[in-house]
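In the working numbering, the protein residues as written are 106 to 248.
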């Protein structure tokens, strides 16, 4: 059975998108959340090393990033980060544009999506168990 506390939640995104804030909020709620610094990696698959059960992708635009924190880089660097993050974005369970949202809004979306994922996983486990009980064994060497 899927344990919500044991669920490894990976958070990726460009600089200043809200990764650290979201990870802190999820941890405060008891989740096993990990900030994956993918945007600084040369490997587009760095996020896979963490082996998250649930992956969240956050992004923000340059104008919004500049309102959140003083930054010395421009659109070219942000575009590079988005390129490095493209594979993680494709595999993310939740993709969030944080521009119009507060940190609490982002956390609420994440928790809602995580809870839905957990519910679906539990439903799938029950379905698999029921199928096995009805006589179709998942192993070919069993009757």
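Built from N, CA and C at the ideal position, the CB exists for glycine as well.
Straight-line gap, residue i to residue j (C-alpha atoms, nearest Å)
i: residue 183; j: residue 169; result: 12 Å
i: residue 163; j: residue 128; result: 11 Å
i: residue 123; j: residue 229; result: 32 Å
i: residue 186; j: residue 226; result: 32 Å
i: residue 192; j: residue 176; result: 25 Å
i: residue 144; j: residue 207; result: 22 Å
i: residue 194; j: residue 178; result: 22 Å
i: residue 224; j: residue 190; result: 28 Å
i: residue 181; j: residue 165; result: 14 Å
Beta bridge counterpart(s) of residue i as assigned by DSSP
i: residue 63; result: It is not possible to answer for residue 63, since the shown part of the chain is limited to 106 through 248.
i: residue 137; result: 113
Cβ-based neighbour list, residue i, same chain, cut-off 8 Å, excluding 5 preceding and 5 following
i: residue 155; result: 113, 115, 139 and 141
Nearest neighbour of residue i, chosen from the options [CA to CA]
i: residue 198; options: 125, 167, 126 and 157; result: 157
i: residue 196; options: 135, 136, 160 and 133; result: 160
i: residue 125; options: 223, 212, 216 and 220; result: 212
Contacts around residue i, its chain only, beta-carbon distance under 6 Å, and the 5 residues preceding and following it disregarded
i: residue 173; result: 121
Inset, instruction - May I ask you to verify whether the stretch 111–123 touches the stretch 193–211, counting CB pairs closer than 8 Å and requiring at least 3? - result: A contact exists between the stretch 111–123 and the stretch 193–211.
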